[in-house]
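The block underneath contains the structure these notes are about, expressed in structure tokens.
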Amino acid sequence: MAKKNKPSRPKARTPRGFSDRLGAEIIKEREVLARISAVYESYGFDPLETPAFEYTDALGKFLPDVDRPNQGVFSLQDDDDQWISLRYDLTAPLARFVAQNFDPLPKPFRRYQVGPVWRNEKPGPGRFRQFTQCDADTVGAPAPYADAEICAMFCDAIEAAGVARNEFTVKVSNRKIVDGLFEKIGLASEEKWETRLNVMRSMDKFDRLGEVGVRHLLGGGRADESGDYTDGAKLDPEHIETVIAFLQSAEGDGDPLGNIEKLITGTKSGEDGVAELNGIKSAIPDFARRPIVIDCSVIRGLEYYTGPIFEADFNEAILDEKGKPVQIGSLGGGGRYDGLVARFKGVEVPAVGVSVGVSRLLTALELKKSLGANTAGPVVILALEKDQMASYQQMAMELRNAGVRAEVYLGGSNFAKQLKYADKRSSPVAVIQGPDERGAGEITIKDLALGAALSKDIEDNKAWREDQPAQFSAPRGDLVKAVKETLARER
RNA sequence: GCCGCCUUAGCUCAGUAGGUUAGAGCGCUAGAUUGUGGAUCUAGAGGUCCCUGGUUCGAAACCAGGAGGCGGUACCA
């Protein structure tokens, strides 16, 4: 039964959570990154590049233990026995960089950074183990003015990336307000930190699980549809009411800040937080026309945010090819983290920043099909006579010099196959010169896009072939002109 | 990590109460239509039926373990 003599070959495949990318996809991402970077640069942020690997202790709490050194991050032990890890975001490397080069840097230090980051966790739709982030941070400036600027720039960057103003919302909250809530419900003391974490996790799920789900999580616990059970925070009923009211403060037509203020009145950090949000509001030009809302149901990272926090979300659910909603997560987010550099320096350095999740954004735009038609391929010059290759390459050169992407067909196939190739490359135009044209000093320009459009209502192939409505001839000397005119017509 | 479902051709999927040469559509390759892609016709290639082990005269099918995928859930800087 088993076949003999069959060599066992490795299976060609990409590791899970990673992906190959080709052609148009890369071009699109490059374009989106360029647009976001341009926004950051126009605000005066300088580009920074740091290596993919960092010493693991510089990245934070994920010191690899012997059992699970790769929990969350990809780590390996260098030949000098030190642990190094692939960066999981761009903020930790920034903190390291600032601490390392503190004295000569201008303060505040404004930098942006674009690049891949890696996380060793379960992949899902729009969720990869390698993805691109696009961050901008201001280090060394206290709240709220730097926060206001970052927040406004965040909106500009997302818009520049191709999401319209009415398609997304930047939600703003403040960690201090959440602290105020904890004071109100008696969770402020040191030994209650675990319950606090628990409550924050539950609150973070408000948008996904809704009021009912969060009530369960705050109380006794919740069983999900797969039968798994999550233990609850076991709060008193009245405290649950307070938390729910807090989460719902942004709903309805009232003013969210006012609602919050009533809930957390009398707490020091709560009032500080409200004041900071007011400061942000008043420091953003044309605030009312921007898609920014105060919404305290946003929690984000549990550990390090110390002040204002931002999160950008799509307004409407993203659907996949089958029309099913996809959990794609936020478009990006950020906030103030005054303690991060202190890990290295011992002194608190105030800092605030945002991160745009470019890979997610592109997945979403792809699903929403708002990135427009496919990027056109190159003009293909058919190679009908092998002894004329130099003259074909000459044509390609002329087109390139005129700024037109062009290539000569280099395979070994016949006429029909060459056109098929051009079709597959989604070439807009094919340039044809066989013996007939060459004798007459001409070329044939074939408008592939137009042909494709016309062919939709073609029935008789014979008539189609005889007419050839989508092509015309031109003098060899007019090559560039004729191609450019054809391309222009397609726009 | 936990729970559930799934894995047969490049893709989408049939299939058999365990029984010789495992199928379809699309795609692919080649040819026809006398130098023309998308139409039509003809032919062809391509499968360790996810892997390993077990039960059996016989396993793609049944059992166990593993891997991968999907969905939920937990964690998430």
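The numbering of the first sequence is the numbering used here, which starts it at 1030 and goes up by one. By construction, the Cβ of each residue, glycine as well, lies at the ideal position given by its N, Cα and C atoms.
With distances taken Cα to Cα, identify the nearest neighbour of Leu1210 among Gly1191, Ile1273, Pro1173, Met1182. Ile1273
Whether Arg1365 touches Asp1176 by CB criterion (8 Å): yes
Locate the beta strand (DSSP E) running through Cys1325, then write down its first and last residues. Segment: none, Cys1325 is in no beta strand (DSSP E) and carries neither H nor E.
Compare the Cα-Cα distances from Leu1516 to each of Asn1288, Leu1077, Ala1435, Asp1109 and report the closest residue. Ala1435
CB-CB under 6 Å to Ala1217, same chain, minus the five flanking residues each way: which ones, in chain order? Phe1211
Quick check on Gly1382: does DSSP put it in helix, strand or coil? strand
Sub-8 Å separation of Ala1262 and Val1228 beta-carbons: yes
Return the residue from the list Leu1411, Ser1442, Gln1106, Leu1369 that minimises the CA-CA distance to Leu1123. Leu1369
Return yes when the Cβ of Val1068 is within less than 8 Å of the Cβ of Thr1233, no when it is not. Contrary to the premise, residue 1233 reads as Asp rather than Thr in this sequence. No, the pair does not count as a contact, with Cβ atoms beyond the cut-off.
Counting Cβ pairs closer than 8 Å, one from the segment 1144-1158 and one from the segment 1320-1340, do we hit at least three? Not touching, per the Cβ criterion.
Reference Tyr1438, options Arg1230, Val1378, Gln1447, closest by Cα: Gln1447
Spatial neighbours of Lys1513 within its chain, please: C-beta separation below 8 Å, excluding the five flanking residues on both sides. Ala1431, Val1433
Starting from Gln1159, trace the beta strand (DSSP E) both ways and give me its first and last residue. 1159-1168
Three-state secondary structure assigned by DSSP to Arg1194: helix
On the criterion of 16 or more Cβ atoms from any shown chain inside 10 Å, does Tyr1117 qualify as buried, or is it exposed? Per the 10 Å Cβ criterion, buried.
Taking Ala1425 and Thr1167 to be in contact with their CB atoms under 8 Å, please state how far apart those CB atoms are, rounded to whole angstroms. Between Thr1167 and Ala1425 the Cβ distance is about 48 Å, and since that is not below 8 Å, they are no contact.
With a CB to CB cut of under 7 Å and the five nearest residues on each side skipped, what residues in its chain are close to Ser1420? none
When DSSP labels each residue in this structure, what does Ile1214 get in the three-state scheme? Of the three classes helix, strand and coil, the one that applies to Ile1214 here is coil, per DSSP.
Contained alpha helix (DSSP H) runs [length at least 4] in the segment 1289-1348, N- to C-terminal order: Counting whole runs of 4 or more residues, the segment 1289-1348 contains the alpha helix (DSSP H) stretches 1297-1312.
Bridge partner(s) assigned by DSSP for Thr1515: In the DSSP secondary-structure assignment, Thr1515 is not bridged to any residue.
How is Lys1151 classed by DSSP in three states: helix, strand or coil? coil
Keeping to the same chain, check which residues put their C-beta closer than 7 Å to that of Asp1476; ignore five residues upstream and five downstream. Val1458, Ala1499, Gln1500, Thr1515
Which first and last residues belong to the alpha helix (DSSP H) in which Tyr1069 is found? First-last of the alpha helix (DSSP H) with Tyr1069: 1053-1071.
Quick check: what's the CA-CA separation for Val1387 versus Ile1187? 10 Å
In the DSSP assignment, find the unbroken beta strand (DSSP E) run with Val1409 in it and report its ends. 1408-1410
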